[in-house]
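Going by the numbering used here, the sequence shown opens with residue 53, and the numbers climb by one from there. In what follows, a single structure is set out as structure tokens and then discussed.
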Amino acid sequence: MLLWLSYFADHPWIRDYEQVNIPLDMLIYKHVKSYICSSTPLRKPTLKAFAKTCPMSQISYLRNQFMLLGLNKSGYVSMHNFKQALLKNATDATKDSRVFDFVISVSSLQHKKLDFEEFAAAATSIHQMEGLDSWEEYARRAFELFDKESNRLIMIEELVSELGLSPSIPVHVVLRDWIRHSDGKLSFLRFIKLLHGMSSYKKTELNKVQ
53 MLLWLSYFAD
63 HPWIRDYEQV
73 NIPLDMLIYK
83 HVKSYICSST
93 PLRKPTLKAF
103 AKTCPMSQIS
113 YLRNQFMLLG
123 LNKSGYVSMH
133 NFKQALLKNA
143 TDATKDSRVF
153 DFVISVSSLQ
163 HKKLDFEEFA
173 AAATSIHQME
183 GLDSWEEYAR
193 RAFELFDKES
203 NRLIMIEELV
213 SELGLSPSIP
223 VHVVLRDWIR
233 HSDGKLSFLR
243 FIKLLHGMSS
253 YKKTELNKVQ
């Protein structure tokens, strides 16, 4: 629930109350674990582009959470930092819950250190952003940035791996649905699909071409 505060941080009641201390947000731990375990090389650049276009209130909130993790002198956090931060900020409620079991599972993940850019990409909730009235505006801005910085020619092998296609599915049909005919790069609609993750796409749209 705390992550929702970042979307309303510009409200005068919150903005003008400087003494509000935001605690460590466990929902961010969940998002980071999901990012590390399931985000593919094709999806990660879309998340990074989207995080860069989020409201300043959310970026400020995420930076605050990033600092709570105790980054090193180089400005990075490791998975071990997530565990140490919880130990430092633990309450009686968290000590008596299964939170520590979850955090241990996060801290044991094999992953390189995160800088703030990647942390923001991992921690941003696409589902919550989609609930905002300005969702489409942010999505368009994110795609423009992605198109400028990261969009590239999509290889068939990458798409097959990303979608988990079986040999019975005609690849050219799916590929035509994903890329722009003008340059072979990712289209806006499929950029949105990648932002949300591929599970829903695999369960619905792929069945249509089987």
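From the three backbone atoms N, C-alpha and C, an ideal C-beta is built for every residue, glycine too.
Taking residue 115 as the reference, which of 173, 163, 188, 189 has the closest Cα? When each option's Cα is compared against that of residue 115, the closest is 173.
Answer with buried or exposed for residue 208, where buried requires no fewer than 16 other C-beta atoms within 10 angstroms of its C-beta. Under this definition residue 208 is an exposed residue.
Those residues which DSSP pairs with residue 238 across a bridge: By DSSP's assignment, residue 238 forms a beta bridge with 231.
Exposure of residue 235, with buried meaning 16 or more beta-carbon neighbours within 10 Å: With fewer than 16 other Cβ atoms inside 10 Å of its own Cβ, residue 235 counts as exposed.
Measuring CB to CB, does residue 158 end up less than 8 Å from residue 81? Annotated as proximal: residue 158 and residue 81, with beta-carbon spacing under 8 Å.
May I ask you to verify whether the segment 124-137 touches the segment 191-198, counting CB pairs closer than 8 Å and requiring at least 3? Because the criterion of three Cβ pairs below 8 Å is not met, the segment 124-137 and the segment 191-198 do not touch.
Starting from residue 90, trace the alpha helix (DSSP H) both ways and give me its first and last residue. Residue 90: member of the alpha helix (DSSP H) spanning 78-90, first to last residue.
What did DSSP end up calling residue 205 once you bin it into helix, strand or coil? Shown here, residue 205 sits in a strand according to DSSP, grouped into three states.
Short check: CB of residue 217 to CB of residue 230, under 8 Å? No, the Cβ-Cβ distance between residue 217 and residue 230 is not below 8 Å.
Buried/exposed call for residue 242, threshold 16 Cβ in 10 Å: Only buried fits residue 242, as 16 or more other CB atoms lie within 10 angstroms of its CB.
Candidates 119, 179, 137: closest to residue 245 by CA position: Out of 119, 179, 137, 179 has the C-alpha closest to the C-alpha of residue 245.
Within 10 angstroms of its Cβ, does residue 185 collect 16 or more other Cβ (buried), or is it exposed? Classification of residue 185: exposed, given that the 10 Å Cβ count is below 16.
With which residues is residue 225 paired in a DSSP beta bridge? Beta-bridge partners assigned by DSSP to residue 225: none are found.
Within the chosen definition, does the segment 160-168 reach the segment 93-105 through at least 3 CB pairs nearer than 8 Å? Fewer than three Cβ pairs drawn from the segment 160-168 and the segment 93-105 lie within less than 8 Å of each other, which leaves the two stretches out of contact.
Residue closest to residue 264, alpha-carbon to alpha-carbon, out of 102, 141, 163, 222: The shown model of the chain, from 53 to 262, leaves out residue 264, and the question about it has no answer.
Please confirm whether residue 76 and residue 120 have their CB atoms less than 8 Å apart. Yes, the pair counts as a contact, with Cβ atoms nearer than the cut-off.
Output needed for residue 252: all residues of its chain with C-beta closer than 6 Å, excluding positions within five of it in sequence on either side, in chain order. With a pLDDT of only 48 at residue 252, under the threshold of 50, the placement of this residue in the model should not be trusted; the figure read from the coordinates follows. Within the same chain, residue 252 has no close Cβ partners at all.
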